[in-house]
Amino acid sequence: MSDPVNEPESAVRLRLAEEKNVWLCTVRPDGSAHVTPVWFVCRGSRWWIGADHGSVKVGNIRKEPRVSLALEDGRFPVVAEGDASLIRDGFPREVVAAFERKYGWDVSAPTRPGGKRVLLEVRVRRWLLAGTAQ
Numbered sequence: 001m002s003d004p005v006n007e008p009e010s011a012v013r014l015r016l017a018e019e020k021n022v023w024l025c026t027v028r029p030d031g032s033a034h035v036t037p038v039w040f041v042c043r044g045s046r047w048w049i050g051a052d053h054g055s056v057k058v059g060n061i062r063k064e065p066r067v068s069l070a071l072e073d074g075r076f077p078v079v080a081e082g083d084a085s086l087i088r089d090g091f092p093r094e095v096v097a098a099f100e101r102k103y104g105w106d107v108s109a110p111t112r113p114g115g116k117r118v119l120l121e122v123r124v125r126r127w128l129l130a131g132t133a134q
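Taking full-length UniProt numbering, the leading residue of the sequence shown gets 1, the next gets one more, and so forth.
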């Protein structure tokens, strides 16, 4: 298990750079979990996720910022817990560029007419599993 203050090991960092999807778990107002696969980029102990401002996950984060993230491969799990912040304007250029390189996608562009994008910044509090099942 990686130390929660430090970045994960190099093999985990490589997976975070290459894997396309992560499962994001937010907390609904009634306390139940809302789990959805999302595209992401990860820099150190910060994850970045693009979302529509009207999505369930964004509404949940407005009320409860604690989230969990898990890569899809359960044989070599990578799971982190953190606190999410919503960035409504002024997306960091390096994050927008990272999404473009990884997915060929402008994370700041609305996905539907009249829609508005937000960027979720998740600061990792602790790594629960970092590539080794426990």
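Backbone N, C-alpha and C fix where the C-beta goes; we use that ideal spot for every residue, glycine too.
Outcome for residue i when other beta-carbon atoms lying within 10 angstroms are tallied against a minimum of 16
i	result
Leu14	exposed
Glu94	exposed
Gly50	buried
Glu121	buried
Lys116	exposed
Val5	Note that Val5 scores a pLDDT of 46, beneath 50, so its modelled location is shaky; the value from the coordinates is reported in the next line. Val5 should be labelled exposed.
Val41	buried
Asp3	With a pLDDT of 42 at Asp3, under the threshold of 50, the predicted position of this residue should be treated as unreliable, and no value is reported.
Segment limits, beta strand (DSSP E) that includes residue i
i	result
Arg66	Arg66 to Leu71
Ser10	Careful: Ser10 lies outside any beta strand (DSSP E), inside the alpha helix (DSSP H) at Ser10 to Glu18.
Glu81	Val78 to Ile87
Residue nearest to residue i in terms of C-alpha spacing, selected from the options
i	options	result
Val67	Arg75, Ser10, Gly31 and Ala98	Gly31
Pro92	Cys25, Arg46, Glu19 and Asn21	Arg46
Lys125	Val56, Arg117 and Pro65	At residue 125 the sequence reads Arg, which differs from the Lys that was named. The candidate whose alpha carbon is nearest that of Arg125 is Pro65.
Arg28	Val12, Leu16, Ala109 and Arg62	Arg62
Trp39	Gly90, Asp73, Val107 and Thr111	Val107
Val22	Asp73, Gly114 and Glu9	Asp73
Ile111	Ala98, Ser55 and Gly44	It should be noted that the sequence gives Thr, not Ile, for residue 111. It is Ser55.
Pairwise C-alpha distance: residue j and residue i
i	j	result
Val35	Gly59	13 Å
Leu128	Gly82	11 Å
Trp105	Glu7	26 Å
Ala33	Thr26	6 Å
Gly114	Ser85	23 Å
Ala98	Trp48	10 Å
Beta-carbon separation (whole angstroms), residue i vs residue j, contact threshold 8 Å
i	j	result
Leu71	Glu19	6 Å
Extent of the continuous alpha helix (DSSP H) to which residue i belongs
i	result
Arg93	Arg93 to Tyr103
Arg62	Val56 to Lys63
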